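Quick notes on the structure that follows.
Chains as they are written, first to last, in this note's numbering: chain A, 21 to 301; chain B, -1 to 214.
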């Protein structure tokens, strides 16, 4: 079952536009949403939630159109936009007391467990939390009402490596039952290497790829070699070529790697994929 | 709606919402333009919106499972509760004021009588009609909303007080606390109440439509 479907999403601003953004997420998977700053990740997530009013496109949550069913759709969503940066003077327990009222499936025990897991003291005020703790509080609220789909914007940013690793493990355990899915945007692609099943890559408001992570990584190879090799090479097959005093490095389609005999060919990481693909206009 | 109102009182409240209710005591001042006691409610409303903007209240609320329009409706209900509370709390002080005023009347403006409360509701109607849509056009420009609606309210008071002072017929009808006149002033109260309901409903409806288009 598709937990999320985004179809033909468009939003025009003076200096930026989301153009025909489409992708979908089945239940039981983690999808990483990647792209450089300003590529349109947050605008897409906000459009899904109707925080931003799209010019065109349709959003479906659990098969139900979001437009006209906003309240019902949101019941199935757990949302965390970075850290909790609202109500700085309010105590965490007061914010939770309000939030729980909106969700019939709110689970107090789950909330308390997350507080304990994230070492959060709910007597504290939001302003007393560090950036990382604000992210954790925001996640605790998003995870405590048995949401089927989690939309998380930069959930691991600002966290230390141990907390990030813990969170990645938590995400994996959350989808184990096969009923939930997670869409999360991040710049920290190493987190996605560990846990994502799918990758949706957005560049300049357009989706460049939305597919299984392994198949995406399998499509490309990193090519490195001396400058002399680059001079003879068919440059049309190279993506985002970088030249330096020791030689060159670029990305190439796996099928094209045979064109570069003598070059050092290796698997690319998601980060390298982003860097080279983004460099290619 | 009940949950959203709970959120308004638990998280979005501002101390002046409650503190300014005490300004009902101003109605005991023997010689005073009594509208002032009610202008402070407009200021408290502004503080609620301003604080909401600074604490990112709208974004928090928009992430909850509520329709975007309900965020506006809940805020309108909160403002109505603030305004009606101010009016209701002021009534006993208005009654007491007539009995203990050493002047026997209010030389500084209209008496705090039945018609006055109708005129206050008319003033709130004007404030709501302007403040809500101006704010929700952007969902952040509380200053502009206060400036325009505040100036309109001031003008309303000047005109209302001016007419009571300058036109003998209106003065005789409105500026009295005589028991027999209170019943005759009921149409002014009813008109103020009717205007208040109509204007607040229209302002809320328009604000919902405007807020739908706002990108948060």
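Using N, Cα and C, we set each Cβ at its ideal position, and we do this for glycine too.
None of the values given here were measured: they were computed from a predicted structure.
- Put simply, the backbone Cα of residue 27 of chain A is about 15 Å away from that of residue 73 of chain A.
- A Cβ-Cβ contact shorter than 8 Å links residue 187 of chain B with residue 116 of chain B.
- DSSP places residue 152 of chain B in the helix class (H, G or I) of the three-state scheme.
- Counting only residues of its own chain and dropping the five nearest sequence neighbours on each side, residue 107 of chain A has a CB closer than 7 Å to the CB of 115, 146.
- The beta carbon of residue 262 of chain A sits closer than 6 Å to those of 269, all from its chain and outside the five residues before and after it, given in chain order.
- Here residue 175 of chain A is buried: its Cβ has 16 or more other Cβ atoms, across all protein chains shown, within 10 Å.
- The DSSP-derived three-state label of residue 130 of chain B is helix.
- Scanning A:199, A:206, A:83 for the CA closest to the CA of residue 188 of chain A turns up A:206.
- Secondary structure remark: continuous alpha helix (DSSP H) runs of at least 4 residues inside the segment 130 to 199 of chain A, in chain order: 151 to 163, 181 to 195.
- Contact check for residue 25 of chain B against residue 129 of chain B fails: the beta carbons are separated by 8 Å or more.
- From the beta-carbon of residue 110 of chain A, the residues of chain B found nearer than 9 Å are 8, 9, 53.
- Taking a Cβ-Cβ cut-off of 7 Å, the neighbours of residue 121 of chain A in chain B comprise 1, 4, given in sequence order.
- CA-to-CA, the gap between residue 170 of chain A and residue 148 of chain B works out to about 44 Å.
- When the Cα atoms are used, residue 54 of chain B and residue 10 of chain B turn out to be separated by approximately 10 Å.
- The Cβ-Cβ distance between residue 132 of chain A and residue 155 of chain A does not fall below 8 Å.
- Within chain B, the C-beta atoms nearer than 7 Å to that of residue 95 of chain A come from 63, in chain order.
- Of the candidates A:204, A:162, A:192, A:194, A:204 places its Cα closest to the Cα of residue 177 of chain A.
- Taking 8 Å as the upper bound for CB-CB distance, residue 70 of chain B and residue 202 of chain B are in contact here, some 7 Å apart.
- Excluding residues up to 5 positions away in sequence, 68, 71, 72, 75 lie with their Cβ nearer than 8 Å to the Cβ of residue -1 of chain B in the same chain.
- At least 8 Å separates the CB of residue 109 of chain B from every CB of chain A.
- Interface annotation, residue 214 of chain B: in contact with chain A, CB-CB separation under 8 Å.
- Excluding the 5 residues flanking it on each side, residue 165 of chain A has same chain C-beta neighbours closer than 6 Å at 123, 125, 126, in chain order.
- Within chain A, 106 have C-beta atoms less than 7 Å from the C-beta of residue 57 of chain B, given in sequence order.
- Unbroken alpha helix (DSSP H) stretches of 4 residues or longer found wholly inside the segment 30 to 118 of chain B: 33 to 52, 55 to 61, 66 to 98, given in chain order.
- DSSP places residue 135 of chain B outside both helix and strand once states are collapsed to three, so it counts as coil.
- Interface flag for residue 210 of chain B against chain A is set, since a Cβ pair is found closer than 8 Å.
- In the structure shown, residue 27 of chain A adopts extended strand secondary structure according to DSSP, grouped into three states.
- Taking 8 Å as the threshold, the shortest C-beta distance from residue 174 of chain A to chain B does not fall below it.
- Around residue 29 of chain B, the same chain offers 101, 104, 105, 106 as residues with beta carbons nearer than 8 Å, after the five sequence neighbours per side are excluded.
- Residue 137 of chain B is outside the set of residues whose beta carbon lies under 8 Å from a beta carbon in chain A.
- Only those residues of the segment 180 to 206 of chain A whose C-beta falls short of 9 Å from the nearest C-beta of chain B would be listed, and there are none.
- Per DSSP, the beta-bridge partners of residue 53 of chain A are A:205, A:220.
- For residue 95 of chain A, the enclosing alpha helix (DSSP H) covers residues 90 to 95.
- Under the three-state reduction of DSSP, residue 180 of chain B is assigned to helix.
- Taken through DSSP and simplified to helix, strand or coil, residue 277 of chain A comes out as helix.
- Proximity of the segment 36 to 50 of chain A to the segment 285 to 297 of chain A falls short of the contact definition, fewer than three beta-carbon pairs being nearer than 8 Å.
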